[in-house]
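In what follows, a structure is listed as structure tokens, so that the remarks can point back to it.
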Amino acid sequence: MSNMRTVVLGTVSNQGIPNVSYAPFVIDEAKNIYIFVSKVSIHTSNLQANGKASVMLIEDEAKSKQIFARKRLTYSCHGTVVEKNNPEWEYIANQFDQRFGNIIYIFRNLPDFEIFKFTPYEGLFVMDFGAAYQINADDLNHLVHITGQGDGEIEK
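Residue numbers (the numbering used here): 28 to 183.
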């Protein structure tokens, strides 16, 4: 999944209206995910309103052996704006520049583009049928195999 360049992004308005979109991303060592997006998009409005997000990286359909069991990583996250006057903003903008090229130079200079940081607090990693893992909230590198009878219960 390290070659993926976009995340599927789920957000919700304060009125409970869901929205699904996507965005190119970069990720840091702590597994925080960053997107560079326009303020006029629905997902940005939702994030500014409440910061609730779900992000998913999913295997390309064309590369999947079984369409019903595509590899995927989903995180529940809290999203916050990285302010332009914060040194983190410049560092992350440079990461976007290295990964996506000249388009980022344009985004840097547009007043309606901003960087959001998603901090995961739980997740799910699915590798195949019977190979699903809950991601520990305290340690995003710790996976707990999900087993059971399809009732949603997690057995260790």
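Ideal placement from N, C-alpha and C gives every residue a C-beta, glycine not left out.
Taking the DSSP output, what are the residues bridged to residue i?
i, result
"Tyr269", "There is no way to answer for residue 269, as the model of the chain reaches only from 28 to 183."
"Gln161", "Leu151 and Val171"
"Ile85", "Arg99"
"Ala80", "Thr38 and Cys104"
Start and end of the alpha helix (DSSP H) containing residue i?
i, result
"Leu74", "Ile69 to Asn77"
"Ala120", "Pro114 to Phe127"
"Phe156", "Counting along the chain, Phe156 falls outside any alpha helix (DSSP H), and DSSP gives it neither H nor E."
"Ile94", "Taken as a continuous stretch (DSSP letters only), Ile94 belongs to no alpha helix (DSSP H), as it is neither H nor E."
"Ile130", "Ile130 to Arg135"
Taking the continuous beta strand (DSSP E) assigned at residue i, which residues delimit it?
i, result
"Arg99", "Arg99 to Val109"
"Ile184", "A query on residue 184 cannot be resolved here, the shown segment of the chain reaching from 28 to 183 and no further."
"Phe63", "Ile60 to Ser65"
Could you check if residue i is buried or exposed, using at least 16 other CB atoms within 10 Å of its CB as the buried criterion?
i, result
"Val171", "exposed"
"Gly43", "exposed"
"Ser81", "buried"
"His70", "buried"
"Thr38", "buried"
"Lys183", "Residue confidence for Lys183 is low, a pLDDT of 45 falling below 50, so the modelled location carries little weight; the figure read from the coordinates is stated next. Result: exposed."
"Ala120", "buried"
"Val109", "buried"
"Val13", "Since the first and last residues shown for the chain are 28 and 183, residue 13 lies out of range."
"Val34", "buried"
"Leu137", "exposed"
"Phe95", "exposed"
"Val53", "buried"
"Phe152", "buried"
Compute the distance between the beta-carbons of residue i and residue j, then report whether it is under 8 Å.
i, j, result
"Met154", "Lys111", "no"
"Ser103", "Asn73", "no"
"Lys142", "Phe63", "Note that residue 142 is Ile in the sequence shown, not Lys. Yes; because the gap between Cβ atoms is below 8 Å, this pair is in contact."
"Tyr118", "Asp124", "no"
"Pro51", "Arg32", "yes"
"Gly78", "Thr101", "no"
Sufficient close CB pairs (3 or more, under 8 Å) joining the stretch 140-147 to the stretch 55-63: When C-beta atoms of the stretch 140-147 are compared with those of the stretch 55-63, three or more pairs fall below 8 Å, so the two segments count as touching.
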